[in-house]
Amino acid sequence: VKMPCTSANVYTKVPDGGWGWTVAFAFFVVEALTYGIIKSFGVFFNDLMESFDETNSRISWIISICVFVQTFTAPLSTVLSNRFGHRLVVMAGGLLISTGMVIAAFARSVVDMYVTIGIISG
Numbered sequence: 050v051k052m053p054c055t056s057a058n059v060y061t062k063v064p065d066g067g068w069g070w071t072v073a074f075a076f077f078v079v080e081a082l083t084y085g086i087i088k089s090f091g092v093f094f095n096d097l098m099e100s101f102d103e104t105n106s107r108i109s110w111i112i113s114i115c116v117f118v119q120t121f122t123a124p125l126s127t128v129l130s131n132r133f134g135h136r137l138v139v140m141a142g143g144l145l146i147s148t149g150m151v152i153a154a155f156a157r158s159v160v161d162m163y164v165t166i167g168i169i170s171g
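So the number in this note's numbering is just where the residue sits in the sequence shown, counting from 1, plus 49.
Here you go:
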């Protein structure tokens, strides 16, 4: 037997105190930083080709390795999150990404970029 809807649920107060908006904003920032770096790599593409004196195919491997590592470590991240908790895994990932980016600033060759941005930051 279906009961007719007599009134709508109207909340005068946000159920979670507004915390959901904080989480949504934090998620946006994480996505912008994570995928923004990958998507904006094309801006630096020609400069990297000139500074390392490499071909476009060798430079494009930097982001290819990064995306590969991100994709294939996702299941590992899930297992680690279930075992140790989300905060610890996210903090460790953030530390790896920032460490890789800082070290990449001192890269002398494209192979250094493969390791720092591709593997460590990936």
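Note that CB positions come from ideal geometry on N, CA and C, so glycine has one too.
As the structure is a prediction and not an experimental result, all values here were calculated from the model.
**Study point:** Proximity below 9 Å, CB of Ile111 to CB of Val159
**Key:** Here the question's residue 111 lines up with position 62 in the sequence shown. Here the question's residue 159 lines up with position 110 in the sequence shown. The answer is yes: Cβ separation under 9 Å.
Exercise for review: Just the C-alpha distance for Leu144 and Thr61, rounded to the nearest angstrom, thanks.
Suggested key: By one-based count along the sequence shown, residue 144 stands at place 95. By one-based count along the sequence shown, residue 61 stands at place 12. Roughly 41 Å between the two C-alpha positions.
Practice item. Give the straight-line distance between the Cα atoms of Tyr163 and Trp70, rounded to the nearest whole angstrom. Key: Here residue 163 refers to the residue found at position 114 of the sequence shown. Here residue 70 refers to the residue found at position 21 of the sequence shown. Computed Cα separation, rounded: 37 Å.
**Study point:** Buried or exposed by the 16-neighbour rule on C-beta atoms within 10 Å, applied to Ser170
**Key:** To locate residue 170, count along the sequence shown from 1; it is residue 121. Buried is the call here.
Check your understanding: Between the C-alpha atoms of Gly91 and Met98, what's the straight-line distance to the nearest angstrom?
Key -> Against the sequence shown, residue 91 aligns to sequence position 42. Against the sequence shown, residue 98 aligns to sequence position 49. Their Cα atoms are separated by approximately 11 Å.
Practice item. Go to Gly85, then tell me how far its alpha helix (DSSP H) extends in each direction, as first and last residue. Key: Position 36 of the sequence shown, counting from 1, holds the residue named residue 85. From DSSP, the alpha helix (DSSP H) with Gly85 extends over 68-88.
Review point. What separation, rounded to the nearest whole angstrom, lies between the Cα atoms of Val128 and Thr55?
Key: Residue 128 sits at position 79 when you count from the first residue of the sequence shown. Residue 55 sits at position 6 when you count from the first residue of the sequence shown. So the two alpha carbons sit approximately 46 Å from each other.
Review point. Start and end of the alpha helix (DSSP H) containing Arg157?
Key: Within the sequence shown, residue 157 is the residue found at index 108, counting from 1. Unbroken run through Arg157: none, as it is neither H nor E.
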